[in-house]
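Residue numbers (this note's numbering): 80 to 837. Where a beta carbon is used, it is the ideal one built from N, C-alpha and C, also for glycine. Here the structure is laid out as structure tokens; the discussion comes afterwards.
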């Protein structure tokens with residue numbers, strides 16, 4: 080109970096903070112020199128107490144947060160405080176209610192008043208006693224009224240907060256967590272409405288040159304947009320007005336190439352090349368031939384220009400290369416076209432879309448200046464011309480354009496590593512002939528035409544910040560030096576970026592050996608052997624320790640309930656499982672170690688067990704009980720995939736998700752290939768299942784489940800088909816270690832292979 084009104088006021092504010100409420104604007108202050116404490120209503124003179132004046136006892140420290148595996152001690156309840164004087168009783172009932180509200184958020188330590196001195200009154204002393212009984216009674220009534228008002232506010236706030244928390248919890252447990260939607264956002268409009276412009280990005284500024292204005296005239300305007308401050312600035316006009324020119328940044332300066340200039344009343348393709356130096360235009364060596372509606376990009380110190388049309392309007396298949404002195408011919412583009420777009424990743428020039436005659440193209444081709452050759456890539460999802468492209472964050476983004484006479488607002492994205500196209504959110508405005516460029520991970524679309532041809536030219540501009548890119552797997556696996564010990568049916572986990580491989584089988588012998596692999600150095604180290612030899616055990620990293628669970632010492636039908644943790648350089652025994660199990664799977668979410676599946680006495684173990692650091696408790700049974708399964712964690716859920724029903728000819732494709740927070744299971748989309756006796760791992764939002772066993776063969780198949788998309792896909796198969804192997808992720812690489820290259824328990828191998836993601 081508080082000793083003073085000031086302390087009670089602090090308790091009121093603490094209760095509001097603890098329940099997620101903004102503390103009421105009360106001021107607790109001394110009144111004159113009387114020694115009394117008054118509670119002033121909101122808006123009354125006197126500010127809130129400073130931290131230095133806070134008379135509350137500090138809260139007890141929270142539980143330790145180290146990673147050692149140790150029992151969690153229950154909270155200690157404070158003894159009831161002794162009864163105080165009558166002044167304290169004014170606040171007793173309210174304080175008890177307040178502390179009852181706070182009890183579910185954090186522990187409170189009761190503050191006992193100092194013991195009374197025998198023979199002395201415990202009533203008010205000094206000036207406080209001069210208030211008299213009437214004043215004291217009046218003061219108590221005022222305080223009680225204030226308490227009642229504040230309590231109503233606090234209780235109401237708590238009810239609302241609890242209701243909101245319940246709603247949030249229900250939403251969180253009923254649907255997957257998702258990120259905020261990605262969408263285009265408006266930016267400051269361009270100063271000039273125009274389309275058919277040339278665009279490049281230099282030092283974070285998007286520069287736009289020439290084009291066709293809203294009055295249909297060709298312009299020489301030169302303007303720049305600075306995304307950092309969302310403002311436009313001007314530059315010297317081009318020496319010659321042009322439309323459908325190309326632009327690049329070469330040696331730090333914008334360069335404008337070709338395009339149509341107006342001669343009399345007709346457009347004429349030009350071969351002129353202009354460069355901005357010290358804010359002024361200088362002419363560079365001319366192209367080998369006039370060309371307009373072409374595309375250009377820079378690789379190293381070379382400018383590459385390709386496609387477009389010549390002075391007579393004929394399609395060009397020629398590619399020109401500028402080395403700083405002269406233009407030379409490169410390899411011709413495989414698909415001649417105009418109104419195409421180009422971008423570079425620093426190694427290749429990507430030529431995208433365009434038109435030949437009246438037909439829009441979906442062609443995507445890459446030019447390698449070093450090899451002087453073109454390669455064909457997967458086509459656009461939809462043919463389009465007069466589009467814009469940019470490369471950001473390892474992705475080629477194709478924006479807007481024309482397709483079959485329709486002005487597009489759709490946006491496609493090509494992952495340069497995975498070589499696959501996907502869709503991005505549509506622009507808010509369909510447009511073609513616009514300026515498109517990227518600054519860091521944001522793509523900008525500026526101006527263009529919203530109608531057919533060059534009609535309805537606009538100045539509007541918008542930007543899309545790309546969603547986080549998923550790293551993509553390499554097209555091939557890498558072979559690494561063999562492990563120290565061939566084995567299968569082992570337990571494995573990752574700790575401190577090392578893969579720990581524990582126990583298992585070798586030529587019918589049960590192992591207790593422990594080895595760790597450091598992918599960075601490629602070194603293997605021997606660890607302390609397990610106290611008992613095991614096979615078909617599971618392992619996980621829990622509180623910074625390697626933990627091994629279940630398994631069997633001999634016959635798999637006689638499962639173990641033992642749990643061991645590697646503490647320092649010694650194995651210690653933790654509380655045993657409630658259900659012995661061999662061939663189970665385990666994963667960790669937060670401070671909970673979850674074990675699922677397995678078999679014992681020739682029966683599948685259906686119970687889910689959860690370890691909290693002190694004891695194991697049963698949770699909801701797995702919907703599809705099975706063994707020889709795999710489990711991974713994304714930090715929120717445990718994903719359990721595949722397995723079998725006590726026989727290699729009864730493999731399962733079941734895929735289920737366990738939520739430790741609610742103790743519930745959710746069924747997900749089945750894995751494409753039913754299998755058991757294999758490994759799985761988590762990498763960048765994906766569950767990857769590797770290998771497996773069927774009655775007469777072992778598998779090399781690798782399948783990946785994208786948690787955000789809810790879809791399975793097939794990855795490059797392992798070079799070495801196997802089952803009973805260790806599968807683990809370190810950094811951006813999946814490692815597969817050991818296993819057996821034949822069905823059953825024969826053919827143990829030490830083979831190590833890796834699949835890199837980038």
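For the pair residue 329 and residue 260, the Cα-to-Cα distance works out to about 36 Å. By the Cβ rule, the segment 260–275 counts as touching the segment 290–301, because three or more pairs are nearer than 8 Å. Per the coordinates, the alpha-carbon of residue 400 lies some 6 Å from the alpha-carbon of residue 382.
A straight-line Cα-Cα distance of about 60 Å links residue 509 and residue 823. Across the structure, residue 377 and residue 758 are spaced so that their CA atoms are roughly 45 Å apart.
Counting of Cβ neighbours within 10 angstroms places residue 762 among the buried residues, the total reaching 16 or more.
The three-state reading of DSSP puts residue 716 in coil, since its state is none of H, G, I, E or B. Beta-bridge partners assigned by DSSP to residue 434: 417 and 439. Straight-line spacing of the CA atoms in residue 637 and residue 677 works out to 12 Å. From the listed residues 571, 692, 477 and 808, the smallest Cα separation to residue 671 is found for 692.
Within the DSSP secondary-structure output, residue 648 pairs in no beta bridge. Around the C-beta of residue 525, 16 or more other C-beta atoms lie within 10 Å, and the residue is accordingly described as buried. Each of 781, 789, 707 and 776 was checked against the Cα of residue 745, and the nearest Cα belongs to 789.
Rounded to the nearest angstrom, the Cβ distance from residue 680 to residue 705 is 16 Å, too far for a contact under 8 Å. Contact annotation: the segment 681–701 touches the segment 735–743, with at least three C-beta pairs closer than 8 Å.
Straight-line measurement puts the Cα of residue 607 at about 56 Å from the Cα of residue 444. With distances taken between CA atoms, residue 389 lies nearest to 348 out of 414, 426, 410 and 348. In the DSSP assignment, no residue is bridged to residue 817.
Secondary structure at residue 268: coil, using DSSP grouped into helix, strand and coil.
Residue 702 and residue 735 do touch by the CB rule: their CB atoms are close to 6 Å apart, below 8 Å. Residue pairing of residue 363 in beta bridges, as defined by DSSP: 352. In the displayed model, residue 319 falls within coil according to three-state DSSP, outside both helix and strand.
For residue 351, same chain residues with a beta-carbon under 7 Å away, outside a window of 5 residues either side, are 319, 362 and 365 in chain order.
Where residue 745 is concerned, the enclosing beta strand (DSSP E) starts and stops at 743–746. In this structure, the straight-line span from the alpha carbon of residue 640 to that of residue 801 is close to 28 Å. For residue 785, the enclosing beta strand (DSSP E) covers residues 781–785. Sorting 794, 787 and 411 by C-alpha distance to the C-alpha of residue 751 places 794 at the top. Distance between residue 714 and residue 507, taken at the CA atoms: about 36 Å.
Straight through space, the alpha carbons of residue 785 and residue 605 are spaced by roughly 36 Å. Non-local beta-carbon contacts of residue 749 in its own chain, meaning distances under 8 Å to residues more than five positions away in sequence, involve 732, 733 and 734 in chain order. DSSP places residue 658 in the coil class of the three-state scheme, outside both helix and strand. Look at residue 347 here: in three-state DSSP terms it is strand. Relative to residue 725, the option among 755, 554 and 548 whose CA is nearest is 755.
With contacts defined as CB atoms closer than 8 Å, residue 386 and residue 412 qualify as a contacting pair. The shortest C-alpha to C-alpha distance from residue 404 to any of 380, 416 and 425 is the one to 380. Residue 534 carries a coil assignment under DSSP once its states are collapsed to helix, strand and coil.
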